[in-house]
Amino acid sequence: MLYKRNVNIEFSSIGNEIGMLNIDTGMYYVIDEIGKDLWDYLVDPISVTDLVNKTLNDYDIDYETCLNDVKQFLQELHERKLIDVV
Amino acid sequence: MFKYRIFGLNVKSDIKLDCYPAHFDVADVEVRTVNKLDKMIKSDYFYLHNDNEYYLSISNVASFKISNSNLIEVLPIGDNSHSEIELFLLGSVFGSLMIQMGNFPLHGSVVEKNGVGIALIGDSGAGKSTLAGAFVRSGWRVVTDDVIRYLTEANVRVYPSYPSQKIWGKAAEYLSLNVTKSDSVINRIDKYYIKSKDRFSNKNVNLKYVFELVPQNIDKVKIKSVRSSEALSLMINNSYRYKFIEVAGKAKGHFKCISKALPYLKFYRIYRPIDEFTMDEQIESIMKVIEV
Chain A
182 MLYKRNVNIE FSSIGNEIGM LNIDTGMYYV IDEIGKDLWD YLVDPISVTD LVNKTLNDYD
242 IDYETCLNDV KQFLQELHER KLIDVV
Chain B
1382 MFKYRIFGLN VKSDIKLDCY PAHFDVADVE VRTVNKLDKM IKSDYFYLHN DNEYYLSISN
1442 VASFKISNSN LIEVLPIGDN SHSEIELFLL GSVFGSLMIQ MGNFPLHGSV VEKNGVGIAL
1502 IGDSGAGKST LAGAFVRSGW RVVTDDVIRY LTEANVRVYP SYPSQKIWGK AAEYLSLNVT
1562 KSDSVINRID KYYIKSKDRF SNKNVNLKYV FELVPQNIDK VKIKSVRSSE ALSLMINNSY
1622 RYKFIEVAGK AKGHFKCISK ALPYLKFYRI YRPIDEFTMD EQIESIMKVI EV
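Those sequence lines, one after another, are chains A and B.
Counting from 1, position 35 in the first sequence corresponds to residue 216 in the working numbering; the numbering is continuous, with no gaps.
Counting from 1, position 146 in the second sequence corresponds to residue 1527 in the working numbering; the numbering is continuous, with no gaps.
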């Protein structure tokens, strides 16, 4: 299963964070610095495994924690329709 | 025909307005009095016919049509007073014109000193105009006091509106401004026009700071900085008629406009006691966090 940004999301860098607007729902969101890295990777379809490996490269955390955090983040983005499963 | 510079726009008008006179050949906007409009709409109602045609009707005052980002037609209703037409024209109508243009204004006041601007935003009754009035006593001048038109390029530039401010009777008294019945904005309402020219600035200013005023059940004025992520919703919620922007289908342009400005601005929230004039304390806490 691969994940990818929903193309109907407008987003913009605000300092170290990213502001987002879901045009379909009119809802605004802000994601933090770590989320910003993941959002950058989601520009093209990507698997959970690849996301976890990239994150493990960037941050000094253990595999279990990283996997759980990435999964939870993807679930939150998906619930808010900010990303699509492709 | 009268010619003015209003909100950074060259405006040609057949209605005389209390605005800054200007000289130009090509107008950005024309204000034209008409005998009829192509559509009649309900009173006190906004009607978005399409992207290029907005209608607005104010009972017993006038109906307005805003089209193609450059024409405002005014159909006076009944035996209205000219000052009421001007009130709505320079507020809701110009505000809607800017939305049509894609320059989404903020709701609030801007004061300036040495070319640096600070914006005062917040809900109705938060004390924006009163605080702006108090800033004048400290050598600042009012750039705009209701609709804030800004554009972001190398910085955030705010354009002056017109040299008048609307202030509550009690606030005028507190600021030692003499007002009489003839200065009333609308009869029976305790709000007055303050029009002395030396209180206002007609220069473009570089907006650097935004302060949200929040009345609270507290004893002393408090000030806190606002994170940029929170500033996004602050700017959205304090946009002039932001519900209208959504209805007009311009949420995307609005979002872009705000996120472009955000990196240039510093945001603070001022908590101030309810039912008490604490303007000096508010200005004092603002002066501690800004550089002019």
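Don't be surprised by glycine CBs; every beta carbon is placed ideally from N, CA and C.
Quick caveat: nothing in here was measured; it's all calculated off a predicted structure.
Cβ-based burial, residue i [other Cβ within 10 Å; buried from 16]
i, result
"D1526 of chain B", "buried"
"H1488 of chain B", "buried"
"S194 of chain A", "exposed"
"H1635 of chain B", "buried"
"T1561 of chain B", "exposed"
"S1444 of chain B", "buried"
"G1483 of chain B", "exposed"
"V1591 of chain B", "buried"
"T1511 of chain B", "buried"
"Q253 of chain A", "exposed"
"I1502 of chain B", "buried"
"Y1428 of chain B", "exposed"
"S1577 of chain B", "exposed"
Residue i Cβ short of 7 angstroms to the ligand MN heavy atom set
i, result
"Y1649 of chain B", "Here there are no bound small molecules, and the ligand MN is not part of this structure."
CB-CB length for residue i against residue j, believed under 8 angstroms
i, j, result
"V1491 of chain B", "V1539 of chain B", "5 angstroms"
"Y1435 of chain B", "I1422 of chain B", "In fact, because the Cβ distance is near 10 angstroms, the residues do not count as touching under 8 angstroms."
"I1567 of chain B", "I1548 of chain B", "In fact, because the Cβ distance is near 14 angstroms, the residues do not count as touching under 8 angstroms."
"V1523 of chain B", "Q1546 of chain B", "6 angstroms"
"I1655 of chain B", "N1598 of chain B", "6 angstroms"
"Y209 of chain A", "I264 of chain A", "With a Cβ gap of about 16 angstroms, Y209 of chain A and I264 of chain A do not count as contacting."
Proximal residues of chain B, C-beta to C-beta of residue i below 8 angstroms
i, result
"Y209 of chain A", "L1613, S1614, I1617 and F1636"
"L202 of chain A", "A1632, K1633 and F1636"
CB of residue i within 8 angstroms of CB of residue j, strictly
i, j, result
"V1415 of chain B", "V1455 of chain B", "yes"
"K1509 of chain B", "L1646 of chain B", "no"
"L1470 of chain B", "V1412 of chain B", "yes"
"Y222 of chain A", "L232 of chain A", "yes"
"W220 of chain A", "I227 of chain A", "no"
"A1507 of chain B", "L1556 of chain B", "no"
"Y1573 of chain B", "S1606 of chain B", "no"
"D1419 of chain B", "I1439 of chain B", "no"
"V1673 of chain B", "V1497 of chain B", "yes"
"M182 of chain A", "I190 of chain A", "no"
"E1627 of chain B", "G216 of chain A", "no"
"A1500 of chain B", "I1480 of chain B", "no"
"S1666 of chain B", "L1643 of chain B", "no"
"F1485 of chain B", "S1620 of chain B", "yes"
"F1388 of chain B", "K1397 of chain B", "no"
"A1403 of chain B", "R1386 of chain B", "yes"
"N187 of chain A", "K235 of chain A", "no"
"L1613 of chain B", "I1639 of chain B", "yes"
Opening and closing residue of the beta strand (DSSP E) in which residue i lies
i, result
"G1678 of chain B", "Outside the shown range of chain B, which is 1382 to 1673, sits residue 1678 of chain B, and nothing can be said about it."
"W1549 of chain B", "Q1546 to W1549"
"Y1623 of chain B", "First-last for Y1623 of chain B: Y1623 to V1628, but that is the alpha helix (DSSP H), not the beta strand (DSSP E)."
"N1568 of chain B", "From DSSP, N1568 of chain B is part of no beta strand (DSSP E); its letter is neither H nor E."
"K1647 of chain B", "K1647 to P1654"
"V1392 of chain B", "L1390 to S1394"
"G200 of chain A", "E198 to N203"
Element boundaries [alpha helix (DSSP H), containing residue i]
i, result
"I1664 of chain B", "M1660 to V1670"
"K1603 of chain B", "Not the alpha helix (DSSP H): K1603 of chain B falls in the beta strand (DSSP E), residues K1603 to S1606."
"F1475 of chain B", "F1475 to M1482"
"R1518 of chain B", "K1509 to R1518"
"S1609 of chain B", "S1609 to N1618"
"I215 of chain A", "E214 to Y222"
"T1414 of chain B", "Premise fails: T1414 of chain B lies in the beta strand (DSSP E), V1410 to T1414, not in any alpha helix (DSSP H)."
"S1464 of chain B", "H1463 to F1469"
"V1537 of chain B", "Careful: V1537 of chain B lies outside any alpha helix (DSSP H), inside the beta strand (DSSP E) at V1537 to V1539."
"T230 of chain A", "V229 to D239"
Closer than 7 angstroms at the beta carbon, the chain B residues around residue i
i, result
"E198 of chain A", "S1609 and S1610"
Residue i: contacting residues in chain A (beta-carbon distance under 7 angstroms)
i, result
"S1640 of chain B", "S193, I195 and G200"
"L1643 of chain B", "I195"
Under 8 angstroms from the C-beta of residue i: neighbouring residues of chain A
i, result
"E1334 of chain B", "The shown model of chain B, from 1382 to 1673, leaves out residue 1334 of chain B, and the question about it has no answer."
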